[in-house]
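Novice: If you read the sequence shown in the numbering used here, its first letter stands for residue 16, the second for the next number, and so on.
From the three backbone atoms N, C-alpha and C, an ideal C-beta is built for every residue, glycine too.
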Amino acid sequence: MMVEREVMNEVRIGIIGIGNMGSAHAANISKGEIPGLILTAVADRKESRRDWAKKELGEKVAVFLEGKELIESGLCDAVLVATPHYQHPELVISAFHHGLHALCEKPAGVYTKQVREMNEEADKQDKVFAMMFNQRTNPVYKMMKELVEGKTLGEIKRVNWIITDWYRTQAYYDSGDWRATWDGEGGGVLLNQCPHNLDLLQWICGLPKEVQAFCHNGKWHNIEVEDDVTAYFTLENGATGVFITTTGDAPGTNRFEITLEKGKLVCEEDELTLFELVENEREYCFTATEGFKKPEGVYREVELIGENSQHIGVLKAFTNRILTGSPLVADGREGIRGLMLSNAMHLSSWLNRPVTLPIEEDLFLTELNKRRNASVKKDNVKEATFDTKGSYGSKDGK
16 MMVEREVMNE VRIGIIGIGN MGSAHAANIS KGEIPGLILT AVADRKESRR
66 DWAKKELGEK VAVFLEGKEL IESGLCDAVL VATPHYQHPE LVISAFHHGL
116 HALCEKPAGV YTKQVREMNE EADKQDKVFA MMFNQRTNPV YKMMKELVEG
166 KTLGEIKRVN WIITDWYRTQ AYYDSGDWRA TWDGEGGGVL LNQCPHNLDL
216 LQWICGLPKE VQAFCHNGKW HNIEVEDDVT AYFTLENGAT GVFITTTGDA
266 PGTNRFEITL EKGKLVCEED ELTLFELVEN EREYCFTATE GFKKPEGVYR
316 EVELIGENSQ HIGVLKAFTN RILTGSPLVA DGREGIRGLM LSNAMHLSSW
366 LNRPVTLPIE EDLFLTELNK RRNASVKKDN VKEATFDTKG SYGSKDGK
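1. Beta-carbon within less than 7 angstroms of N232's beta-carbon, same chain only, minus the 5 sequence neighbours each way: which residues are those?
2. What span of residues does the alpha helix (DSSP H) with V204 cover, start to end?
3. Within the present structure, is the beta-carbon of K309 separated from the nearest heavy atom of the ligand ATP by less than 6 angstroms?
4. Does the pairing of the stretch 347-360 with the stretch 112-126 give three or more beta-carbon distances under 8 angstroms?
5. Beta-carbon of N237 versus every beta-carbon of chain B: anything under 7 angstroms?
6. On the DSSP letters alone, give me the boundaries of the alpha helix (DSSP H) that G350 sits inside.
7. Could you say if the stretch 45-54 and the stretch 355-362 meet the contact criterion of at least three C-beta pairs nearer than 8 angstroms?
8. Do you know offhand how far G37's Cα is from E276's?
9. Any idea what DSSP makes of H11, helix, strand or coil?
10. Would you say W181 and T268 are within 7 angstroms of each other, going by their C-beta atoms?
11. Quick check on the burial criterion: 16 or more other C-beta atoms within 10 angstroms. Buried or exposed for K70?
12. Whether or not the stretch 282-300 and the stretch 105-117 are in contact is what I'm after, with contact meaning three or more pairs of Cβ atoms, one per stretch, closer than 8 angstroms; do they touch?
13. On the three-state DSSP scale, how would you describe L215?
14. Mind checking which residues open and close the beta strand (DSSP E) that includes N175?
15. Between the alpha carbons of V94 and L213, how many angstroms are there, rounded?
16. Compute the Euclidean distance between the alpha carbons of E284 and K385, then round it to the nearest angstrom.
17. Whose CA, out of L72, A68 and M146, lies closest to the CA of P104?
18. Compare the C-alpha of N153 against each of V76, L319, V143 and D264 and name the closest.
19. Look up Y188 in the DSSP assignment and say whether it is helix, strand or coil.
20. Quick check: what's the CA-CA separation for E225 versus A345?
21. Where does V204 land, buried or exposed, given buried means 16+ other C-beta within 10 angstroms?
22. With respect to the beta strand (DSSP E) encompassing Y314, which residues constitute its N-terminal and C-terminal limits?
23. Which value, in whole angstroms, describes the spacing of the CA atoms of L362 and L383?
24. What whole-angstrom Cβ distance do T288 and E316 have, given they're in contact under 8 angstroms?
25. Just to confirm, are H116 and I337 a CB contact at a threshold of 7 angstroms?
26. What are the start and end residues of the beta strand (DSSP E) that includes Y299?
So this is what it looks like as structure tokens:
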């Protein structure tokens, strides 16, 4: 949907939630990393974070206790929502109701029924709505998407992503009362660490039509949500795939493979390698006269184009969309797709059977609420020290 733009020279933004990621965004904006974007307000329920903001961000940035107060203040043209996951849709919807543009941190929410309501509200507005899918700026993933969609390598046959380098210690999980609880966070590694991976998986390969998953709760940590997942899925064209993730492996692996009819793409260590076959394997299979000979091909490293602008790139695109109408990195409405895949994995594991997509949203919510009602409130929480780089060596600070 095209947005009717106001005549503006700069965008005043408020950040709701200034933990690891929110504080990093605040620092980048305050340093002038995003031309045309001015930080005018922040909000956080934790006193220590509000104290940090007053000390580090200066008197020109208003500090609020509640996101609602920031939204209603009149100090902002846009908000960046970086709170715990359940609050994302309600704050974005509130921003829309007050005439503000919205940029939402991942994930879009905890359950798709909630996010669908947010998307429907976005459709009623003339405001910019974006998701912080910063990994879409990575030239590796952009090239994988281009090669898959271009069909020069034929159709997808198989997908494998082992993403087990999301290591977290028990201290990480003990650092917040909302972390790794069904009622506070709504999930574990799938909902906190893997939204980027699940978004990229569907962005590049398409949303699966069926999923069978095995989610192990508290396998490697003293937590009530999943920290080890293995999922099998089927794409619309019949291709199959496996997605494996955990926060319990060290050093872990991040290897994303897509096998196509005329080659194989491998993303590892931020490099993209292509083994390109001389001819389409599907044709070769039925015309070759030798029983064991593989089709010929050659390995080559794919040349990548463009910078890996990450969070700053998303913020620049969001700002420029408001000011000039230029493209976003990710429209906010797209957040429901990766979440649909996450919800499908959870639901499949809970029911111990395959599930089809789109999922039964009411059934998912019923099952989630069973776990929320049984969720245990944490005691003796030790709040982590947060900084502009993100704690615990996290790729995205969460």
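Specialist: Let me spell this out:
1. By one-based count along the sequence shown, residue 232 stands at place 217. Cβ within range, chain order: E239, V240 and E241.
2. Walking along the sequence shown from the start, residue 204 turns up at place 189. Segment V204 to N207, the alpha helix (DSSP H) holding V204.
3. With respect to the ligand ATP, the structure shown offers nothing to examine, as it has no ligands at all.
4. yes
5. You won't find chain B in this structure, because it holds only one protein chain.
6. If you number the sequence shown from 1, residue 350 lands on position 335. From DSSP, the alpha helix (DSSP H) with G350 extends over G350 to L366.
7. Short answer: they don't touch.
8. Here residue 37 is taken as the residue at index 22 of the sequence shown, counted from 1. Here residue 276 is taken as the residue at index 261 of the sequence shown, counted from 1. In a straight line, the C-alpha of G37 is about 43 angstroms away from that of E276.
9. Absent from the model: residue 11. The displayed extent of the chain is 16 to 413, so no value can be given.
10. Taking the sequence shown and counting its residues from 1, one reaches residue 181 at position 166. Taking the sequence shown and counting its residues from 1, one reaches residue 268 at position 253. No, these two residues do not count as a Cβ contact at 7 angstroms.
11. As a first step, residue 70 is located in the sequence shown; it is residue number 55 there, counting from the start. It is exposed - the Cβ of K70 has fewer than 16 other Cβ atoms within 10 Å.
12. The stretch 282-300 and the stretch 105-117 do not touch, with fewer than three beta-carbon pairs separated by less than 8 angstroms.
13. Along the sequence shown, one-based indexing puts residue 215 at 200. It is helical.
14. Here residue 175 refers to the residue found at position 160 of the sequence shown. Here the beta strand (DSSP E) through N175 covers I171 to I178.
15. Residue 94 sits at position 79 when you count from the first residue of the sequence shown. Residue 213 sits at position 198 when you count from the first residue of the sequence shown. Computed Cα separation, rounded: 25 angstroms.
16. As a first step, residue 284 is located in the sequence shown; it is residue number 269 there, counting from the start. As a first step, residue 385 is located in the sequence shown; it is residue number 370 there, counting from the start. Answer to the nearest angstrom: the Cα atoms are 40 angstroms apart.
17. By one-based count along the sequence shown, residue 104 stands at place 89. If we check each option's Cα against that of P104, M146 comes out closest.
18. Counting from 1 along the sequence shown, the entry for residue 153 is found at position 138. Per the C-alpha coordinates, the member of V76, L319, V143 and D264 positioned closest to N153 is L319.
19. Taking the sequence shown and counting its residues from 1, one reaches residue 188 at position 173. Y188 falls in the helix class under three-state DSSP.
20. Taking the sequence shown and counting its residues from 1, one reaches residue 225 at position 210. Taking the sequence shown and counting its residues from 1, one reaches residue 345 at position 330. Approximately 24 angstroms between the Cα atoms of the pair.
21. Sequence index remark: in the sequence shown, residue 204 carries index 189 (1-based). So V204 counts as buried.
22. If you number the sequence shown from 1, residue 314 lands on position 299. Y314 -> beta strand (DSSP E) spans G312 to E316.
23. Residue numbering aside, residue 362 sits at position 347 when the sequence shown is read from its first letter. Residue numbering aside, residue 383 sits at position 368 when the sequence shown is read from its first letter. Straight-line Cα distance between these residues: approximately 9 angstroms.
24. Residue numbering aside, residue 288 sits at position 273 when the sequence shown is read from its first letter. Residue numbering aside, residue 316 sits at position 301 when the sequence shown is read from its first letter. Taking C-beta atoms under 8 angstroms as the contact rule, T288 and E316 qualify, at a distance of about 6 angstroms.
25. As a first step, residue 116 is located in the sequence shown; it is residue number 101 there, counting from the start. As a first step, residue 337 is located in the sequence shown; it is residue number 322 there, counting from the start. I337 is positioned such that its CB atom lies closer than 7 angstroms to that of H116.
26. For this step, residue 299 is matched to residue 284 along the sequence shown. Element bounds for Y299: not the beta strand (DSSP E) but the alpha helix (DSSP H), E296 to T302.
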